[in-house]
Amino acid sequence: MIELNALRYRWPGASHDCLDIDALRVAAGRTLFLHGPSGGGKSTLLGLLAGVLLPSAGTVSLLGTNWATLSGARRDAFRADHVGYIFQQFNLLPYLSVLDNVLLPCRFSGLRRQRAAAAAGSPQAAAGALLQRVGLSEALWTRRAATLSVGQQQRVAAARALIGQPELVIADEPTSALDSALRDSFMALLLQQCRDVGSTLVFVSHDERLAALFDHSLSLPQINRATQAAAA
Amino acid sequence: MRAILAIALRSAWNRRGTLALVGLSVALSTFLLLGVERLRSDVRENFSQSVSGTDLIVGARSGPMQLLLYAVFRVGGATNNVRIDSLEAIAKHRAVAWMVPLSLGDSHRSHPVLATTPGYFEHFRYGDKQALALAQGRPFSGDLEGLYEVVLGAEVAGQLGYRLGDRLTLSHGGGGMPGAEHVDKPFSVVGILQRTGTPVDRTLHISLQAMEAIHLDWVAGVPLPGTKISAEQARAADLDPKQVTAALVGLKNRAAVFAVQRAVAEFEGEPLMAVLPGVALDELWDVVGAGERALLAMSAMVAVVSLVGLVAVVLAGLNERRRELAVLRAVGAAPRHVLLMLAAEGALVTLLGVLLGVLAVAAAVVALAPWLQSSYGITMTSSAPTAPQWGLLAAVLTAGFLASLVPGWRAYRLSLADGLSPRD
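Note that the protein sequences, when read in sequence, are chains D and R.
According to the working numbering, the first sequence holds residues 1 to 232 in order.
According to the working numbering, the second sequence holds residues 1 to 424 in order.
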């Protein structure tokens, strides 16, 4: 599913590598918790996994496809087809309705549009079903996304990441803006939905208490030789 | 493609307040550019329509433009007068087919009064060699019986509400001076001309003898104290004009125009000149042209400023939208989609601004046409844009679309550099 080999990444103009990871594999349908402090290269790693960034050396492959072998336009299309992404916050386009936000991936990916339609009859129906499952009642669907609470917005973001059954869902500290009650329900929901859909989940957080919920747990500073070198 | 344009539209609508202001500035600059160009071409069209079929205008020696402006367009100050016997001598030139003397100076409620002969209605041509035609009534008779008869231009009759048989009095000079009214010698309306779209529409026409009659008891622009010559007494006086302002001359053969022009210039009785209307008009456009170009250049600068404003506003908003761009990248949008989105926004604002500007010009033409007609004799009609006007519109649109690529390109670069994690 995900394969990293001899990965090195250095930001343009930087004097040190930001990431230096020997190997990392995640099997299809598994959930991975990636723990690390802020500024430890977590977001950079996620950018590499999503094919927005390309490694300075080594390879990152998704579904057996090395991102580096694809052209820029193909990478964008490949990401649209196979990756769902959840940000820490501000996930939604504030001027679109809740439903339109969930449908965004279907606008850019024919594959996810087809899968959504196959699952529920139409992409709209699939979006509605996902919103129901993350606990957003129909009355909220036509509201502008900006009018929702932070907790509601994150659940909309989860529905959007899951629509059209992408093989990989990446979540970048999606709970850090939520209080503990909201966080627990969000985590339960996200993990359940990923299992239902069969998506692989890569979840990044600095909150180690969440690790127990996942199939695997890794500490980024431990696998990243760049931080070890900096510390030594 | 369609997906990103739909999102761009929603995003722009979300910021419609700011964008509307920018669009308004584009509309204003379009209005200026198009308005100046329309006024320029319509004024030229009007002026060149105002006289045709007249080969020469003869007057006292001054500037050719001054003579043309005063004799044909009733604009500017009076030139020196020409003695009538000088004109009679020139009329005897074998190439001259007809001559119509003109005497100007009085007015009626700020409309110019033209004293001439009945031949004016026969020989004067405008537009595409069209003759004057009466909508109602007849020309003034030109004899003593019909001494106080006046023929009105269409605009005079329409604006002041005169009908056949109405009586009116003339003012001395441009009017407005107290006591400078020829109240003792009222005129009756015997004819109303059809609309021509030329200065004729604003003019009141009387005979040369009537002009003499109303000035019998006047000297140097003021009523002669102690003398009162009534309208009836005036009929008995010598009313043959001694001098006039200018004369329109038609030739039997246009080829002789330079010979006649030279003959007039070499006339020994008094310093005279003859101008070709077309040549004088060209001279006029040479002089006015510099001003026109300056106005157009200023309008073009305003257009540039408004487009710079457009770019500045879209660019300024871009920083706050880096999060929006990252979300779009995350759901599968490519950097080129982001470029398209930003460029489309600028292009849309430009397009709407230009459309609004075109509508504003059309509205202004409708609203201001009556005032332009009555104050300056310039006829403006609502019409489709001409080729140069289309050119200006295309230039503004093209410039706007190109300018929109600037924020588009900036967003493209930002989107590539930020990826999914905008550093804000």
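Yeah, the Cβ is synthetic: ideal placement off N, Cα and C, and Gly gets one too.
Bounding residues of the beta strand (DSSP E) (the contiguous stretch that carries GLY137 of chain R): Looking at the DSSP string, the run of the beta strand (DSSP E) that includes GLY137 of chain R is 134 to 137.
C-alpha distance - HIS111 of chain R paired with ARG15 of chain R, whole-angstrom precision: HIS111 of chain R and ARG15 of chain R have their C-alpha atoms spaced approximately 53 Å apart.
Chain-ordered neighbours of VAL361 of chain R on chain B, where CB pairs are closer than 7 Å: Absent from the structure is chain B; the protein chains it does hold are D and R.
Inter-residue CB distance, ARG322 of chain R and LEU414 of chain R (contact presumed, cutoff 8 Å): Right, their Cβ atoms sit about 6 Å apart.
Check: PRO221 of chain D C-beta below 7 Å from any heavy atom of the ligand GDP: Ligands displayed in this structure: none; no statement on the ligand GDP is therefore possible.
Under 8 Å between C-beta atoms of HIS35 of chain D and LEU218 of chain D: Pairing HIS35 of chain D with LEU218 of chain D gives a Cβ-Cβ distance under 8 Å.
Nearest-angstrom Cβ-Cβ length linking LEU208 of chain R and PRO241 of chain R, presumed shorter than 8 Å: The Cβ separation is near 4 Å, so the contact holds.
Whether LEU170 of chain R touches HIS123 of chain R by CB criterion (8 Å): With respect to HIS123 of chain R, LEU170 of chain R sits apart: the two C-beta atoms are not nearer than 8 Å.
THR169 of chain R (DSSP reduced to helix, strand or coil): Correct three-state label for THR169 of chain R: coil.
Closest residue to LEU405 of chain R among R:ALA312, R:VAL72, R:GLN233 (Cα-Cα distance): Looking only at R:ALA312, R:VAL72, R:GLN233, the smallest Cα-Cα distance to LEU405 of chain R is reached by R:ALA312.
Residue from R:VAL279, R:SER62, R:SER230, R:VAL331 with nearest C-alpha to LEU92 of chain D: Of the candidates R:VAL279, R:SER62, R:SER230, R:VAL331, the one whose C-alpha sits nearest the C-alpha of LEU92 of chain D is R:VAL331.
Chain-ordered neighbours of ARG10 of chain R on chain D, where CB pairs are closer than 7 Å: Near ARG10 of chain R (Cβ distances below 7 Å), the residues of chain D are TYR95, LEU96.
Pairwise C-alpha distance: GLN124 of chain D and LEU136 of chain D: The alpha-carbon atoms of LEU136 of chain D and GLN124 of chain D are separated by roughly 15 Å.
Alpha carbon of MET99 of chain R to alpha carbon of PRO277 of chain R, nearest angstrom: CA-to-CA, the gap between MET99 of chain R and PRO277 of chain R works out to about 15 Å.
Closest Cα partner of GLY142 of chain R within the set R:GLY153, R:ALA154, R:PRO118, R:LEU152: Comparing Cα-Cα distances from GLY142 of chain R to each of R:GLY153, R:ALA154, R:PRO118, R:LEU152, the minimum goes to R:PRO118.
ALA3 of chain D, DSSP secondary structure in three states: Per the sequence shown, residue 3 of chain D should be read as Glu rather than Ala. Three-state result, GLU3 of chain D: strand.
Rounded C-alpha distance that separates GLU149 of chain R from LEU239 of chain R: Those two C-alpha atoms are separated by around 15 Å.
Cβ-Cβ separation, VAL36 of chain R to LEU310 of chain R (assumed contact under 8 Å), whole Å: That pair is no contact at about 21 Å.
LEU24 of chain D beta carbon less than 8 Å from that of GLY84 of chain D: When the beta-carbon positions are compared, GLY84 of chain D and LEU24 of chain D stay at least 8 Å from each other.
Closer than 8 Å to chain D by CB, GLU324 of chain R: Chain D contact via Cβ: present.
Nearest neighbour of LEU325 of chain R, chosen from R:PHE267, R:ALA316, R:HIS337 [CA to CA]: Answer by Cα proximity: R:HIS337.
Buried versus exposed call for VAL327 of chain R [16 or more other C-beta atoms within 10 Å across all chains shown]: Its Cβ being crowded by 16 or more others within 10 Å, VAL327 of chain R is buried.
Contact list for the segment 329 to 345 of chain R against chain D, Cβ threshold 7 Å: Residues ARG329, ALA330, VAL331, GLY332, ALA333, ALA334.
Among R:PRO370, R:THR398, R:PRO335, R:VAL96, nearest to TRP409 of chain R - alpha-carbon criterion: Per the C-alpha coordinates, the member of R:PRO370, R:THR398, R:PRO335, R:VAL96 positioned closest to TRP409 of chain R is R:PRO335.
Within chain R, the residues that PHE255 of chain D reaches when beta carbons sit closer than 9 Å: What the structure shows of chain D is the stretch from 1 to 232, and residue 255 of chain D is not part of that stretch, so it cannot be assessed.
Check whether THR116 of chain R and HIS205 of chain R have beta carbons under 8 Å apart: At the C-beta level, THR116 of chain R and HIS205 of chain R come within 8 Å of one another.
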